[in-house]
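Numbering (this note's numbering), first residue to last: 67 to 422.
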């Protein structure tokens with residue numbers, strides 16, 4: 067089916083968009099190599115080149131990838147992107163979730179950007195195919211060794227039990243470690259998710275205080291992006307940097323790094339098909355949380371050196387100008403966003419049931 071959509075794009079019969087689940091930092095290079103018969107034009111956050119290291123900074127622009135700002139309104143940038151959508155030589159590839167979400171079998175709420183791009187594509191009068199992709203990973207390292215590594219890094223000794231029960235205990239211990247690191251307390255009467263969200267809110271509030279931000283509206287992700295863009299302007303902008311401001315910025319960025327992984331932690335993810343894969347992801351996420359608490363970023367996140375991966379393509383969301391002309395623009399955005407999110411969730415669930 068992938069080749070059918072790719073051939074249609076090459077014949078200028080349709081506009082092709084690959085919408086991929088973003089569960090790991092390795093996703094983009096893997097898709098670039100794994101999808102044959104066409105180059106891909108990836109969209110990536112404008113701040114990525116500042117944080118992702120020299121190799122990424124060198125490669126992304128030279129491969130023709132397009133930098134965008136999440137929740138941005140830069141007219142020149144949007145005009146360039148619109149032209150690329152409508153007249154580009156290669157299919158676009160983007161992560162509708164907005165950033166890495168650390169779970170291959172669960173789709174997080176997606177951003178409206180993919181719907182806006184789809185509407186631009188529909189203005190050409192061509193059919194638009196949005197192909198949902200999910201990437202699965204397998205690691206050549208024992209689960210018990212990873213759990214042991216977590217215990218060593220956190221200095222928390224887990225009871226001898228099944229791997230699953232040890233991981234459940236590590237989830238609980240991790241919330242306490244986070245709370246202690248930021249001089250916060252947790253309410254044991256609340257559920258894990260409620261305690262997690264309270265911590266995320268409090269840690270972001272500390273960061274917003276340091277950044278002098280009055281606007282604290284929106285989701286956790288909205289607040290994270292707002293803080294990141296302010297930090298980017300301070301650390302990488304053209305204005306002369308004040309050392310005290312730089313120090314304060316680096317301090318609140320640590321808060322952002324912790325929340326970036328903390329907001330996705332959920333013990334209920336352990337339930338479902340491929341429990342072993344879910345346990346691996348969970349332990350790697352808990353290890354990453356400790357990495358962030360120690361000042362690390364996604365670039366210093368531990369990932370076993372030897373791994374296998376599979377790219378799974380779900381059923382495409384196919385749009386036409388006829389179907390898109392039935393409602394207001396706001397309704398179109400909502401409808402397309404819902405269709406893509408459902409397709410990504412379905413594709414993720416299907417991935418969890420296949421052997422690889």
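Quick reminder that beta carbons are idealized off the backbone N, C-alpha and C, glycines included. Quantities reported herein were computed from a predicted structural model and do not represent experimental measurements.
Taking the continuous beta strand (DSSP E) assigned at residue i, which residues delimit it?
i	result
residue 174	Here residue 174 belongs to no beta strand (DSSP E), and DSSP marks it neither H nor E.
residue 193	193-205
residue 132	132-134
residue 158	158-160
residue 420	Where residue 420 is concerned, there is no enclosing beta strand (DSSP E), given that its DSSP letter is neither H nor E.
residue 109	107-111
Could you tell me the distance, in whole angstroms, from the CA atom of residue i to the CA atom of residue j?
i	j	result
residue 346	residue 198	24 angstroms
residue 67	residue 231	41 angstroms
residue 133	residue 225	47 angstroms
residue 126	residue 111	11 angstroms
residue 92	residue 98	10 angstroms
residue 320	residue 354	13 angstroms
residue 296	residue 309	16 angstroms
residue 290	residue 77	41 angstroms
residue 352	residue 240	7 angstroms
residue 206	residue 215	15 angstroms
residue 359	residue 222	15 angstroms
residue 337	residue 344	8 angstroms
residue 129	residue 105	9 angstroms
residue 322	residue 79	43 angstroms
residue 303	residue 219	36 angstroms
Is residue i near residue j, with beta carbons less than 9 angstroms apart?
i	j	result
residue 330	residue 169	yes
residue 166	residue 257	no
residue 156	residue 107	yes
residue 265	residue 245	yes
residue 151	residue 181	no
residue 81	residue 160	no
residue 396	residue 339	no
Would you kindly report the start and end of the unbroken alpha helix (DSSP H) that includes residue i?
i	result
residue 368	Run containing residue 368: none; DSSP gives neither H nor E here.
residue 95	93-100
residue 398	395-417
residue 232	229-247
residue 343	341-359
residue 277	258-277
residue 255	Unbroken run through residue 255: none, as it is neither H nor E.
Within 10 angstroms of its Cβ, does residue i collect 16 or more other Cβ (buried), or is it exposed?
i	result
residue 70	exposed
residue 411	buried
residue 162	buried
residue 191	exposed
residue 102	exposed
residue 183	buried
residue 315	buried
residue 260	exposed
residue 365	exposed
residue 282	exposed
residue 371	exposed
residue 407	buried
residue 398	buried
Taking DSSP as the reference, what is the three-state secondary structure of residue i?
i	result
residue 330	coil
residue 374	strand
residue 379	strand
residue 85	strand
residue 224	coil
residue 300	helix
residue 80	strand
residue 144	helix
residue 250	coil
residue 384	strand
residue 123	helix
Can we count residue i as close to the ligand MN, meaning its CB is less than 8 angstroms from some heavy atom?
i	result
residue 254	The ligand MN is absent from the structure shown, which contains no ligand whatsoever.
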